[in-house]
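Residue numbers (the numbering used here), protein chains in the order written: chain A, 4 to 252; chain L, 41 to 586. Glycine residues also receive a C-beta, built at the ideal position from the N, C-alpha and C atoms. Before any comments, here is the structure.
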Ligand SMILES: Cc1cc2nc3c(=O)[nH]c(=O)nc-3n(C[C@H](O)[C@H](O)[C@H](O)COP(=O)(O)OP(=O)(O)OC[C@H]3O[C@@H](n4cnc5c(N)ncnc54)[C@H](O)[C@@H]3O)c2cc1C
Ligand code: SF4
């Protein structure tokens, strides 16, 4: 059983992102990038499935610029077998990515597509769902547990106020939540080996997919700064401030 | 006992700063030109190349011209030529520009750069030549063979919990073996420090002395941006007995690099370098630059100020030391990038000659010989007496500096240094210092500053700030010096916490805030604090532009 793991190159989670002075987006020049943390969880889970003898091959895929090769090498260092880069310099958006993945899935025929529930840059939380819809496959989103069975996959989902367990008939799409696993450290020998694993680069055109953005960004702004609090002397003053200054009562 | 795997290289480089990368590049250039196989591996404790690099930086392109003559065509990030130098003396309310800039401060032909950006570019050049670079791996231990020669290093174990037990994610460290190991750890390298002892490399030389540099990167109001402008100040807020001063460099893209260096031979334990820096920015001549701008990044790093007198023996069987780990900084210029690079290049040439020339000695004695014949040596010799002249205070120091500069260091004497941890007075004998509260516009508190260093350490790991003796922080540091580590640490790592009734003080170490500046390892009065590497990848993540 083949597992396909889409991974995205995003601004590293430790970096405090900074909105460009002209409001056109966030600063990305000379900023540290790394694999989207939810995708790292997806790669880890896929590799664990392989180590448990449940999966035969783990293929990592990224849709993005040439530098996304580094992200794919990270996936290979964690334990993916090979990687495919759909190279584009366009700004990638969920629908375009889902379409590109669909085209690749038709070629690769995986049984499971395991991807992050969202990327921490755009926080869209759409790609997995769109992909399942385009493919007409069942989906298990926000997975905190994945148990393969015979032709099925039992997925425990993190939902508001609890957990929900669903059984999906394969092939299926699964998106990962934080609690699914804790990804391993890539060891030095595995990072070295990853440099020699196959990494194929294709273009969106060769897949017959149009990746041009459908959404236009009007403006990016930082959230308003929290104003410093004030101390009031007694309850009367508090009520007065709430009524007359904050106008909330 | 050892179950670690090992890997073999011809040459191993510890640290991907300017010195380590220059050494790696030069080695592969020589090997590739001769059609020789030579494996060169660089490991770096930062999560990526540049993540831990912090410098001013006004850059003398001298060494880069020699290493990669076509750097311009290859897109090196040297985009802001130095244009104008100001050297200013501050009093509390006034700024007096010196009519002439001291020659060491003349920057014609230099560039204002981000060292992190330069190193990222150099790393790409190195990889193109076939150098293997592994960021995220810290060298934790020097390995020796049966003869006592260095045979490489071991990287730290990953996935050890706070309690010292293995977690589910435990990954043992690796042994990296090489014919020669080049230590390029920068100022106060944690392994270099152990080598000094093992091989007695500091016998007969002055102690190394240090400064702490605290830096911020700002995006300022475009109307105020003057790319190429360089402003150095001395005087206020330092008293005349303490060595210190500021830099303020205008870069392209409305960026300003601003920072403050305090000599770590300061005597008053109440002094807080962080707050001196914050206070400096509120000076009426400085403040306007930052009003209407925003602070992007923050960090700190120690630099070596000992100069010529403090250079240790540079080689030992199996390895050698380059860059600021050896202390090749030109102090009056506050520049060490060009000398770090050149020392790496000279070391590479010596190592290459040694390995290919069929010499079977384990010590590359050619390196110090070649370095002494290079411009690094004459440059550092000429300025050797300037910094120690400031031990007697600012005015004596300036007079001495003028003398030494006029005579180009030809004086027949050499002034000497004391180790920085010995210079603190007792708290009771030193005047307390009251610092103003941050205004949140140009001056800030420590924690909101550390936040902008993007520092991060896996929380569940043993603290990498180790104490030789657990009692000393209270019995000595608090009792005699009023816990100076709570003030000199620019990241708020050290805190004295007490029970609710104010008794039972103890030292709390917030290790995850550490920005790897190494000041505690240097300044702790009884040298009780020992800085060791945390899990690889931990530490600051300085953004581009730093
Ligand atoms: C505040 C300040 C301002 C400065 N201003 C200027 C200036 O304007 N112009 C100028 O020319 N110079 C300046 N310098 C000096 C210059 O930055 C240094 O001389 C130079 O960085 C030294 O280079 P290096 O390669 O020796 O060490 P570093 O630049 O310190 O690099 C060492 C590298 O090794 C890594 N490392 C350390 N230990 C380990 C380990 N055990 N395992 C793995 N990796 C490790 C570190 O993370 C780091 O990346 C300044 C320095 C400071 C601190
Ligand atoms: S703990 Fe030590 S090395 Fe870390 S930031 Fe503080 S003074 Fe610097």
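Scanning its chain for C-beta atoms nearer than 7 Å, with the 5 sequence neighbours on each side dropped, one finds around residue 460(L) the residues 249, 250, 304, 305, 562, 563, in chain order.
The beta carbons of residue 60(A) and residue 42(A) sit about 18 Å from each other, so the pair does not count as a contact at 8 Å.
Within chain A, 24 have C-beta atoms less than 7 Å from the C-beta of residue 259(L), given in sequence order. For residue 530(L), no CB of chain A lies under 9 Å from its own CB, so it is not counted at the interface with that chain. Inclusion of residue 138(A) and residue 176(A) in the CB contact set at 9 Å is warranted, their separation being smaller than that value. Using a CB distance cut-off of 9 Å, residue 200(A) does not count as an interface residue toward chain L. Short of 8 Å from the beta carbon of residue 229(A), and not among the five residues preceding or following it, lies no beta carbon of its own chain. Ranked by how close their Cα comes to the Cα of residue 284(L), the residues 366(L), 372(L), 361(L), 204(L) have 372(L) in first place. Residue side-chain check: residue 177(A) keeps its Cβ at 8 Å or more from all non-hydrogen atoms of ligand 2. The beta-carbon of residue 209(A) is placed no less than 9 Å from the nearest beta-carbon of chain L. Listed along chain A are 18, 19, 21, 30, 33, 34, 35, each with a C-beta nearer than 9 Å to that of residue 583(L).
With respect to chain A, the C-beta atom of residue 368(L) has no partner C-beta closer than 9 Å.
Taken in chain order, the complete beta strand (DSSP E) segments of 3 or more residues contained in the region 311–396 of chain L are 334–344, 359–361. Contact annotation: residue 309(L) and residue 509(L) have beta-carbon atoms that are not nearer than 9 Å. Under the three-state reduction of DSSP, residue 485(L) is assigned to coil, being neither helix nor strand. Excluding the 5 residues flanking it on each side, residue 156(L) has same chain C-beta neighbours closer than 7 Å at 90, 93, 582, 584, 586, in chain order. For residue 64(L), the enclosing alpha helix (DSSP H) has its first and last residue at 58–73. Relative to the Cα of residue 33(A), the nearest Cα in the group 20(A), 134(A), 212(A) belongs to 20(A).
Non-local beta-carbon contacts of residue 100(A) in its own chain, meaning distances under 7 Å to residues more than five positions away in sequence, involve 66, 130 in chain order.
Counting the other Cβ atoms within 10 Å of the Cβ of residue 110(A) gives fewer than 16, which makes it exposed. Residue-level contact by beta carbon fails for residue 182(A) and chain L, as no gap is shorter than 9 Å. The distance from the Cβ of residue 280(L) to that of residue 434(L) is about 4 Å, consistent with a contact at the 8 Å cut-off. In the structure shown, the three-state DSSP call for residue 560(L) is helix.
Under the DSSP assignment, residue 105(L) falls in the alpha helix (DSSP H) whose first and last residues are 102–107.
Counting only runs of 3+ residues, the beta strand (DSSP E) found wholly inside the region 192–236 of chain L occupies 198–200, 206–211, 215–223, in chain order. With the criterion set as a beta carbon lying under 9 Å from some beta carbon of chain A, the members of the region 177–201 of chain L are 177, 195, 198, 199, in sequence order. The three-state secondary structure of residue 301(L), taken from DSSP, is strand.
The shortest CA-to-CA distance from residue 302(L) to any of 59(L), 374(L), 417(L) is the one to 374(L). Rounded to whole angstroms, the separation of the alpha carbons of residue 61(L) and residue 194(A) is 20 Å. Bounds of the alpha helix (DSSP H) holding residue 76(A) are 71–81. Taken from the Cβ of residue 535(L), every heavy atom of ligand 2 lies 8 Å or farther away.
Here residue 218(A) is exposed. Its C-beta has fewer than 16 other C-beta atoms within 10 Å. Residue state for residue 88(A) is assigned as strand, using DSSP reduced to three classes. Under the three-state reduction of DSSP output, residue 454(L) falls in the coil class, being neither helix nor strand.
At a cut-off of 9 Å between C-beta atoms, residue 336(L) counts as an interface residue with respect to chain A. For residue 187(A), the nearest beta carbon of chain L is closer than 9 Å to its own beta carbon.
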